[in-house]
Amino acid sequence: MQLTDEERRIRDGAHGELLAAVFAEQLAVGEFFGAERFVPVTNAHFMGDWEIFGQAGYDYLRRLADGGLRVRVPTTRNAQSVDFEHAELFAQSCELVDGERLTRAVLARLGVSTLNTCIGYQSVYQPRFGEHVAWGDTGTVAYANSVFGARTNYEGGAAGLAAALTGRTPAYGYHLADNRRANVRVRVTAAMRDVADWGALGALVGRRCRSYWNVPTLELAGQVPTSDDLKHFGASMASFGSMAMYHVVGVTPEAPSYQAANRGRPLIDEFTVDDEAIEAVFAEDIPGGGDIDLVVFSGPQLSFLELKRIAEALDGKRVAPGVWLIITTNGLVGRAAEEQCLLTAIREAGGVVAQGTCWYVMDPAAQRAHFGWRRLVTNSAKLSNIIRAHGYESALRRTDECIHAALNGRLEPR
Amino acid sequence: MSQRVFRVPQAFGPVVVAPVLVNPRPFSARYDLDRVSGVISRTDHPLRGQPVAGRILLSPLVQGGVAAAWALLTMANRGVGFAALVFGELNPVMVQGAVTAGVPIGAGIDPRAFDELVTGTLACFDPGRGTLSVVDEPAPGQVLG
């Protein structure tokens, strides 16, 4: 790779051996992908929590902090695995709780803002068009690339922090204009009535065109997606297909037209998604309905508007006995919802709102074992996909169906 | 002793010799694994119950995202980590995580490997040469895994 004078100084240890070791990891990744140079970044988003990295990850971070390293650009943190206020309610282990306290402290020493959110793009920082950033969490990456026209690859774990510490990242993948061109064309005629429909669309696109390097373009038939719709689409597409960018013609900034999004890249697939295709996704799991153990709105964390909609739907009602209703959001949205009395409505209905976390990183396998949970319903296609690794039977349903299930303790057949 | 060699054009890390675990599905450390025991745990996974420790994972694709980066380091630290990871196609997270964990990793393997290799085959992954070569194959009828 071609290095600037400053990058050579970092590599050669002018800023210390620790930073040189961090940079060496970045160099190895850049060389793997054939990057020719580094690109400066203005912002980083760090993904890491005790549930995923445990003692080994903590030791890695502590070594950097003990060496005096600090982030060079504003850096936020993704959802953590504990909401300390609700840790006991969820029977979370002392190891997990203590580990999260240690993690927060060490990240603060590194200069990371522990906002603990996977929706920072809706509530903290919105990069401008063409801005190079280094974001962890797949959903944030999809949103940054697609909706803002910013430029980032998946920066997993230590890589996101490495970019924050060196202020740069290897220029490959979605930092380069040619890789951002669409090579999948999807015409969407389905009505798209709920965020779950957008998640189902993400599942269809992700399964069919699975590859980090594929970029779909959606051509809509008059539907007008909201920020939350696009959030669920991108998170689901990333979950099912490991994909990091999409275009929506007439909506996202690099797609004023299909031709502008495609710019001559050969298509690998072209298809239409209609109502029948979306309904088929909903009917895949637990089609016969039946008793459920929990309803979860999480993955990604809920925006203020999503939370408001659920609070209003629950107002004056009660969740069925024996059923858990779990919602997660970040602290910023949580405080706003508290001020607006939305949390009161949810709590009085029997729901739980956890903040600064996302349920699938709260060690749901341990919760299943402790509470005997087996079946869950969610409006998040991403969560429905992930949670099967933890032994759950999950069903994706529209938001209203999820609330109906929570209030009645049963999922209706489809 | 077989001479079969499969090209792996993108590769990083030291040489490793270990049994292969052939995963027919896209791989995710978050979605597929119990990362404490190092066993494939996803309810609908065809390899459910298989340990991954000390094996070369051979998988056509990846799914999901950033969790793998830390998972590889954590599993290695717990002694249940992969010997190496070789993919048909991957995303940056797998490479970032493997580099941090010091686990050899490759991409772009000749797709014939998925037809010709079976779980339990002893293989040598040489990132410097960009090859995965068969060292020894399980006897016919041998219980694999």
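Chains as they are written, first to last, in this note's numbering: chain A, 1 to 414; chain B, 1001 to 1145.
For glycine and all other residues, C-beta sits at the position ideal for the given N, C-alpha and C.
C-beta neighbour in chain B for residue i, strict 8 Å
i	result
residue 400 of chain A	no
residue 25 of chain A	yes
residue 211 of chain A	yes
residue 184 of chain A	no
residue 28 of chain A	yes
residue 55 of chain A	yes
residue 143 of chain A	no
residue 164 of chain A	no
residue 357 of chain A	no
residue 192 of chain A	no
residue 47 of chain A	yes
Distance between beta carbons of residue j and residue i, contact taken as under 8 Å
i	j	result
residue 1030 of chain B	residue 388 of chain A	Residue 1030 of chain B to residue 388 of chain A, Cβ: 11 Å. No contact.
residue 1054 of chain B	residue 1018 of chain B	6 Å
residue 327 of chain A	residue 405 of chain A	So it is not a contact: roughly 14 Å between Cβ atoms.
residue 241 of chain A	residue 205 of chain A	7 Å
residue 1047 of chain B	residue 1040 of chain B	5 Å
residue 229 of chain A	residue 198 of chain A	4 Å
residue 235 of chain A	residue 138 of chain A	7 Å
residue 289 of chain A	residue 410 of chain A	6 Å
residue 29 of chain A	residue 1104 of chain B	Rounded, the Cβ-Cβ distance is 14 Å, inconsistent with contact.
residue 110 of chain A	residue 65 of chain A	5 Å
Any chain A beta carbon closer than 8 Å to residue i
i	result
residue 1042 of chain B	yes
residue 1116 of chain B	no
residue 1051 of chain B	no
residue 942 of chain B	Missing from the structure shown is residue 942 of chain B; chain B here goes from 1001 to 1145 and no further.
residue 1030 of chain B	yes
residue 1099 of chain B	yes
residue 1137 of chain B	no
residue 1132 of chain B	no
residue 1066 of chain B	yes
residue 1023 of chain B	no
residue 1073 of chain B	yes
residue 1039 of chain B	no
residue 1014 of chain B	no
residue 1047 of chain B	no
Cβ pair residue i, residue j closer than 8 Å
i	j	result
residue 266 of chain A	residue 183 of chain A	yes
residue 412 of chain A	residue 1099 of chain B	no
residue 415 of chain A	residue 46 of chain A	Because chain A is modelled from 1 through 414, residue 415 of chain A falls outside the range shown and cannot be assessed.
residue 196 of chain A	residue 381 of chain A	yes
residue 1119 of chain B	residue 1134 of chain B	no
residue 1081 of chain B	residue 1008 of chain B	no
residue 163 of chain A	residue 41 of chain A	yes
residue 59 of chain A	residue 355 of chain A	no
residue 1066 of chain B	residue 1094 of chain B	no
residue 398 of chain A	residue 379 of chain A	yes
Beta-bridge pairing of residue i - partner residues as DSSP gives them
i	result
residue 411 of chain A	A:290
residue 393 of chain A	A:375
residue 1124 of chain B	B:1017, B:1133
residue 168 of chain A	A:40
residue 218 of chain A	A:186, A:248
Contact between the region 50-61 of chain A and the region 164-181 of chain A: three or more CB pairs below 8 Å? no
Between the region 307-322 of chain A and the region 276-284 of chain A, can you find at least three pairs of beta-carbon atoms closer than 8 Å? no
Any 3 or more C-beta pairs closer than 8 Å across the region 359-371 of chain A and the region 340-351 of chain A: no
Quick check: the region 141-156 of chain A against the region 11-28 of chain A, are at least 3 beta-carbon pairs closer than 8 Å? no
Touch check for the region 315-327 of chain A and the region 1007-1027 of chain B: three-plus C-beta pairs under 8 Å? no
Do the region 1101-1116 of chain B and the region 1081-1088 of chain B make contact, defined as three or more Cβ pairs closer than 8 Å? Enough Cβ pairs lie closer than 8 Å, so yes.
Are three or more beta carbon pairs between the region 218-229 of chain A and the region 126-139 of chain A nearer than 8 Å? no
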